[in-house]
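Going by the UniProt record's numbering, the sequence shown opens with residue 1, and the numbers climb by one from there. Note that the Cβ used here is the ideal one computed from N, Cα and C, for glycine as well. These figures come from a predicted structure and were not determined experimentally. Structure first, then comments.
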Amino acid sequence: MPSVLSVSPVLPAAERLAAHWRRGALDRDRDPWVQDGALEALAASGLLGACAGASGPAIADLVRILATGDPGLAQQLHGHVGNVELLALASPAVREAISDDIRDRGARFGNLNRDADPRRPTTLTPDGDGFRLTGAKSYCTGAVDAQWLAVPALLGDELRVALVPAGADGIEVGTRWEAFGQRATRSVGVTLTDVAVPRDHVLDAWRDAPAAQARELRAQIPHPALEVGIAEAVLAESWPAHVRESDAFAAVTAHVAAARALLDDAAAQIDALAPRTAAPRNGLGAPRNDADASGEAALTVAPSRLALGEASLALFAARALSYRTSVRTADAATRWVGGDARLAARVELHWRNARTHSVHDPGRWAFHHVGRHVLTGAYPAPRSPGLKHRADELVAPPRLPSFVPTGHVVADAARAALAEAAQFVAQRSAWPEAGVARAVDEPHAILRFGELAVRLRALDALDARGEGARYADEVALRIVSDALEIAGASALTRGRGLDEHWRTIANISNPIKFM
Numbered sequence: 001m002p003s004v005l006s007v008s009p010v011l012p013a014a015e016r017l018a019a020h021w022r023r024g025a026l027d028r029d030r031d032p033w034v035q036d037g038a039l040e041a042l043a044a045s046g047l048l049g050a051c052a053g054a055s056g057p058a059i060a061d062l063v064r065i066l067a068t069g070d071p072g073l074a075q076q077l078h079g080h081v082g083n084v085e086l087l088a089l090a091s092p093a094v095r096e097a098i099s100d101d102i103r104d105r106g107a108r109f110g111n112l113n114r115d116a117d118p119r120r121p122t123t124l125t126p127d128g129d130g131f132r133l134t135g136a137k138s139y140c141t142g143a144v145d146a147q148w149l150a151v152p153a154l155l156g157d158e159l160r161v162a163l164v165p166a167g168a169d170g171i172e173v174g175t176r177w178e179a180f181g182q183r184a185t186r187s188v189g190v191t192l193t194d195v196a197v198p199r200d201h202v203l204d205a206w207r208d209a210p211a212a213q214a215r216e217l218r219a220q221i222p223h224p225a226l227e228v229g230i231a232e233a234v235l236a237e238s239w240p241a242h243v244r245e246s247d248a249f250a251a252v253t254a255h256v257a258a259a260r261a262l263l264d265d266a267a268a269q270i271d272a273l274a275p276r277t278a279a280p281r282n283g284l285g286a287p288r289n290d291a292d293a294s295g296e297a298a299l300t301v302a303p304s305r306l307a308l309g310e311a312s313l314a315l316f317a318a319r320a321l322s323y324r325t326s327v328r329t330a331d332a333a334t335r336w337v338g339g340d341a342r343l344a345a346r347v348e349l350h351w352r353n354a355r356t357h358s359v360h361d362p363g364r365w366a367f368h369h370v371g372r373h374v375l376t377g378a379y380p381a382p383r384s385p386g387l388k389h390r391a392d393e394l395v396a397p398p399r400l401p402s403f404v405p406t407g408h409v410v411a412d413a414a415r416a417a418l419a420e421a422a423q424f425v426a427q428r429s430a431w432p433e434a435g436v437a438r439a440v441d442e443p444h445a446i447l448r449f450g451e452l453a454v455r456l457r458a459l460d461a462l463d464a465r466g467e468g469a470r471y472a473d474e475v476a477l478r479i480v481s482d483a484l485e486i487a488g489a490s491a492l493t494r495g496r497g498l499d500e501h502w503r504t505i506a507n508i509s510n511p512i513k514f515m
């Protein structure tokens with residue numbers, strides 16, 4: 001099985017599988033339990049094994065491409081991508097056995113992260129030479145038809161992960177799943193009753209906090225990748241609109257390209273968290289660093305907290321923009337397809353899938369994290385229950401946007417406007433302490449700054465690729481208008497520069513209202 005360490009090797013197999021999934025997507029939406037061979041095709045593709053050791057950009061491309069075929073099925077890779085990394089922490093015997101199962105039989109991990117009732121967490125209790133696992137999990141994406149389950153559970157006061165075969169005695173996988181969209185995920189509940197777990201199948205996944213946070217970030221790459229894939233599928237499905245609605249179609253395409261650019265940048269930053277735990281050998285993907293002589297996965301110097309914070313910030317920016325873009329792209333397409341029943345059915349499915357997955361985490365919070373960092377220097381905290389209470393909040397000096405001209409008139413006007421608005425907020429006389437720390441008491445300003453900062457990050461990412469001109473036309477006027485609003489009353493007396501930026505952009509750009 002080929003290793004996937006870069007983008008290119010994953011493309012052909014993923015595109016073939018996406019085309020196969022696309023043909024049955026509407027049928028699976030009507031009946032998520034239909035047996036159509038879709039997951040068997042995934043198992044036979046070799047992509048499940050190739051996830052281990054794959055680069056961050058390769059994971060992003062894999063999930064994005066598969067999501068163009070069926071994002072419900074593609075979401076099932078979320079748990080697998082995160083959990084296969086845990087094998088690096090297992091004993092050589094356990095690692096080899098599960099790796100062989102994935103490589104030779106297309107075995108897949110299911111996702112059992114969420115307790116059905118947080119007041120009654122899943123537990124591990126000692127039982128002879130092993131443990132017994134008891135609890136109830138909800139929203140278990142990928143648990144149906146999975147071969148392995150990775151189950152977070154409390155052992156006393158410490159969180160551990162138990163690796164158990166999905167068919168073990170005491171495991172009951174639900175059969176009821178009703179959802180507005182993403183129906184093919186079949187995110188049912190799972191009940192665990194005195195499930196026997198050998199001692200060497202219980203892992204301390206959070207012992208090394210920086211490595212655990214790096215794994216957590218890597219495991220979240222599929223979320224924005226799914227949204228970008230949905231948006232790209234909408235554009236592909238509604239291509240006749242390119243003729244009827246050429247300006248609007250071009251505008252939407254620019255926003256989708258911006259979301260893709262932030263996804264690629266986030267995946268690359270997460271991939272650069274060097275070094276992370278070595279991937280298992282056994283043909284699942286070449287490890288990033290050498291294993292030691294005993295065959296144990298090597299652990300070297302952990303990534304710095306600052307690097308983790310920056311990667312987390314990039315991920316939140318990608319999630320924020322991709323969530324918003326997928327939904328609004330589908331919104332726009334519903335107006336384009338008109339009375340074409342076949343296209344309308346496909347676009348409506350994408351719309352429901354985008355709406356459903358985009359509320360996995362509230363998008364406003366993703367913008368909030370970015371805005372809070374801009375104004376206060378605070379980085380997003382780790383999300384995993386195993387990490388939340390292990391470290392103080394990481395706060396760097398606030399980095400108010402600064403203006404460095406690039407020669408692109410419209411983009412430079414937007415950058416300058418946001419920099420000036422940030423200074424207005426920092427010095428606002430209504431905040432006696434002056435300084436941005438008081439902005440914590442202004443949630444609206446934080447959210448709006450997050451929205452503008454995310455758009456500016458996307459513009460910078462596209463400019464770095466030489467592709468920013470159309471997106472600048474689309475968002476620059478919005479950035480300046482919102483910057484004027486954020487600056488507030490101070491802009492009326494000291495905001496002549498903001499007004500000049502607005503007039504510069506209004507006279508040059510020709511945006512199509514989209515978002």
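Can you tell me whether residue i is buried or exposed? The criterion is at least 16 other CB atoms within 10 Å of its CB, across all chains shown.
i    : result
P118 : exposed
T141 : buried
W239 : exposed
Q35  : exposed
S246 : exposed
A168 : exposed
P126 : exposed
H201 : buried
P443 : exposed
E485 : exposed
G53  : buried
Near residue i, which residues of its chain fall below 8 Å by C-beta distance, leaving aside the five closest residues on each side in sequence?
i    : result
T334 : A344, V347, E348, W351
T356 : A179, F180, G181, Q182
D129 : P198, R199
R448 : G371, D482, E485, I486
By how many angstroms is the C-alpha of residue j removed from the C-alpha of residue i?
i    : j    : result
G181 : P32  : 11 Å
V327 : P224 : 12 Å
R103 : G338 : 46 Å
W431 : V475 : Note that W431 scores 38 on pLDDT, short of 50, meaning its location in the model is unreliable and no value can be drawn from it.
L133 : P210 : 27 Å
E232 : A196 : 44 Å
L321 : A469 : 18 Å
E96  : V84  : 12 Å
G363 : T175 : 30 Å
R457 : V228 : 16 Å
L66  : A14  : 6 Å
A90  : G82  : 14 Å
So the candidates are the options; which of them puts its Cα closest to the Cα of residue i?
i    : options                : result
D208 : R305, S238, L226, P240 : R305
A116 : S138, R132, L48        : S138
D157 : G46, D145, D204, A332  : D204
A461 : A54, E216, D194, A267  : A267
D100 : D29, G135, W148        : W148
R114 : L48, V190, D194        : V190
G110 : R120, A60, L48, V94    : L48
A366 : L452, D412, A307, W336 : L452
P165 : G174, V151, V359, T175 : V151
S358 : W177, A257, L375, A318 : A318
G466 : A258, A413, L394, D61  : A258
D27  : D70, L62, D61          : D70
A411 : A445, L124, V454, L459 : L459
L308 : R215, L235, P222, W336 : R215
V94  : L394, L163, A136, A413 : L163
Who are the Cβ neighbours of residue i in its own chain at under 6 Å, not counting the five residues just before and after it?
i    : result
P12  : none
T185 : G72, Q75, T141
R218 : I270
E172 : T191
A43  : G106
Quick one: residues in its chain with C-beta nearer than 7 Å to the C-beta of residue i, no 5 flanking neighbours on either side, listed in chain order?
i    : result
A41  : L17, H20
P380 : S312, L313, F316, H369
A254 : R470, Y471, E474
Between which two residues does the beta strand (DSSP E) holding residue i run?
i    : result
T134 : 130–140
L154 : 148–155
V127 : The identity of residue 127 in the sequence shown is Asp, whereas the question assumes Val. Per DSSP, D127 belongs to the beta strand (DSSP E) from 123–127.
L192 : 188–198
Would you give the residue range spanned by the alpha helix (DSSP H) that residue i belongs to?
i           : result
residue 578 : Residue coverage of the chain in this structure runs from 1 to 515, which leaves residue 578 outside it and unanswerable.
T68         : 56–69
V34         : V34 -> no alpha helix (DSSP H), and no H or E assigned at all.
E245        : Taken as a continuous stretch (DSSP letters only), E245 belongs to no alpha helix (DSSP H), as it is neither H nor E.
T175        : It is not in any alpha helix (DSSP H) - T175 carries neither H nor E in the DSSP assignment.
P222        : 222–237
N113        : That residue, N113, is in no alpha helix (DSSP H); it is neither H nor E in DSSP.
With 8 Å set as the bound, which would you pick, yes or no: does the beta-carbon of residue i sit closer than that to a beta-carbon of chain D?
i   : result
A74 : Reference to chain D is not applicable here, since this structure consists of a single protein chain.
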